[in-house]
Amino acid sequence: MREKQPQPNVKLDRSYSFLDFHRFLPYVFFGLFLFLLGLVSFVYYSYIYAFFISGILFILFRTPHRWLLNKMHGRRTRAAAISTVSVILVLILPAIFLGIALVTEARHASELAREWFTPEKLFEIHRNNPWIQGQLDISAEQLLAYRLQFLEVVRNNQLETLRRGWTWALTGMKFFVDFTFALFILFFLFRSVDRIGMTVYRNLPFPDKIEKHIGDRMVQIFDAVVKGNLLVSIAQGAVIGIVFWLCDLSTPLLWGAIAAPFALIPVIGTAVVWLPGAVYLYTHDHQTMALTMAVTCLVFYFLLENLLKPVLLDRDLNLHPLFLFLAIVGGLNAFGVKGLILGPFIVTMFVTIWELISEWNRNFSEEQDVLGSAPDRMSVRATTEEQDVPGSNKDL
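The numbers in this note's numbering rise by one with no breaks, and the one at position 373 of the sequence shown is 374.
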């Protein structure tokens, strides 16, 4: 019987096979990861404001929480619960009292506006102020006609006013819901932020040095932007409120609260509030007080913006003032109020990544220079192969 010849052990090279599954497996998993990442982002998109608020609160109260955690010997749940309750007591209760005071002063301001906006009062103001008479040479009949025209415009826009009021009410309710979710998220951040951070660092596909540098830089940027903007805006609002109170203007707390958010807007700032107040004093025969008020508010605005804010922002952000200004304005235009933080954060992170890439390229160039001084590995390999080939020139 004829014996079966052994088949040669031939290994097929599948590295260039189009149907090789192992070649496409990384791309399949990467595409699946991107798809699931998009779905997760879509699911959590409605809570983006809650995450944003909780992140800001965590940055503001992170240092006291760490002190409390050390005092409680690492009991994370209890420390997180106490820190969350402390945030509620420190922020929500004063905000409630401030809101009640603002509503009271706003009601008082509307009553004053209703009393002042009468034909007799307007004509009395026009008659007793020579400056207004020089600017507006009108009679009482014309003044009454202008008032009637204004009231007609207001009456015709009542529906639009109600619609905007309903929109503001819905916005307030949404903010309350987001803030409630933010407190829940804040509790878990206080309790598990270290573990979450370590998990993220461990699973990122970057060198540890780069991950640590980017993580530290992100914390530094958030600290500078949040604390800098918040402290400066509160200080600006406090200055406006005190100046209005010293000038014996009505509802100083209301105007100070209005000035604080406007202080976040570059260039314009608190002038939206104190400039009409100065004009009001000037037109009521208080020229000296009006000038003093304008100079005081302007001086404090420039001092806080050009001395305190650069100390809190520029030193930590390491960003040119022009780019910082454009980042704040562009962030406001792109993201709204969140852009006051996101704008500088995005620009500064871009500069940080750019610096890392430059450092990486510089280190790579230095390594290439070191390797360039050694013998060429390809030429050494070619020489070795030539020496090992039978029948080479060496054997002739």
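Glycine is no exception: its CB is placed at the ideal position from the N, C-alpha and C atoms.
Predicted model, so just to flag it, every value in this text is computed and none were measured.
- Close CB contacts of Ala291 within its chain, under the 7 Å cut and outside five residues either way in sequence, are with Ala279, Leu282 and Tyr283 (chain order).
- Spanning the alpha carbons of Ile89 and Phe180 requires a straight line of approximately 11 Å.
- When the beta-carbon positions are compared, Arg77 and Leu70 come within less than 8 Å of each other.
- DSSP, reduced to helix, strand and coil, places Cys298 within a helical segment of the structure shown.
- The Cβ neighbour count for Pro208, taken over all protein chains shown within 10 Å, is under 16; the residue is labelled exposed.
- Contact check for Ala272 and Gly238: beta-carbon distance about 13 Å, past the 8 Å limit, so the pair fails to qualify.
- The shortest C-alpha to C-alpha distance from Phe303 to any of Ala328, Ala335, Ile269 and Gln288 is the one to Ile269.
- Going by beta carbons, Val227 and Ile49 fall outside the 8 Å limit.
- Asn362 and Glu356 have their C-alpha atoms spaced approximately 10 Å apart.
- By the CB criterion at 8 Å, Leu325 and Phe336 fall outside the cutoff.
- The Cβ atoms of Leu305 and Val233 sit closer than 8 Å to each other.
- Residue environment analysis places Lys213 among the exposed positions, since fewer than 16 neighbouring C-beta atoms fall within 10 angstroms of its C-beta.
- Within the same chain, and ignoring the five residues on either side of Cys248 in sequence, the residues whose Cβ sits closer than 6 Å to its Cβ are Met290 and Met294.
- C-alpha of Val296 to C-alpha of Lys310: approximately 20 Å in a straight line.
- A direct Cα-to-Cα measurement between Thr349 and Gly198 gives close to 21 Å.
- Leu320 is positioned such that its CB atom lies no closer than 8 Å to that of Val274.
- Listed in chain order, the non-local C-beta contacts of Ser55 below 7 Å within the same chain comprise Ala183, Ile186, Leu187 and Leu190, local neighbours out to five positions each way being set aside.
- According to the DSSP assignment, Gly216 belongs to the alpha helix (DSSP H) that extends over Asp209 to Leu247.
- Between the alpha carbons of Phe25 and Leu33 lies a distance of about 12 Å.
- In this structure, Ile329 is the residue among Ile329, Ile358, Val338 and Glu360 with its C-alpha nearest to the C-alpha of Ile347.
- The Cβ neighbour count for Asn230, taken over all protein chains shown within 10 Å, is at least 16; the residue is labelled buried.
- Counting every other CB atom within 10 Å of its CB across the protein chains shown gives Pro206 a total below 16, marking it as exposed.
- Residue state for His321 is assigned as coil, using DSSP reduced to three classes.
- In the displayed model, Ser359 falls within a helix according to three-state DSSP.
- In the DSSP annotation of this structure, the continuous segment of the alpha helix (DSSP H) that includes Ile57 starts and ends at Ile49 to Lys72.
- The three-state secondary structure of Asp195, taken from DSSP, is helix.
- Within the same chain, Cβ atoms closer than 8 Å to the Cβ of Leu313 are found at Ala225, Lys228, Gly229, Leu232 and Val233, the five residues on either side in sequence being excluded.
- In the structure shown, Ala261 falls within a helical segment according to DSSP collapsed to helix, strand and coil.
- Straight-line measurement puts the Cα of Ile101 at about 54 Å from the Cα of Glu360.
- In the DSSP assignment, Arg76 falls outside any alpha helix (DSSP H) and carries neither an H nor an E.
- In this chain, the alpha helix (DSSP H) harbouring Gly278 covers Ala272 to Thr284.
- Ranked by how close their Cα comes to the Cα of Arg79, the residues Leu308, Met219 and Arg192 have Arg192 in first place.
- In this structure, the beta-carbon distance from Ala261 to Ile235 falls below 8 Å.
- Secondary structure at His287: coil, using DSSP grouped into helix, strand and coil.
- For Val240, the number of other beta carbons within 10 angstroms of its own is at least 16, and it is reported as buried.
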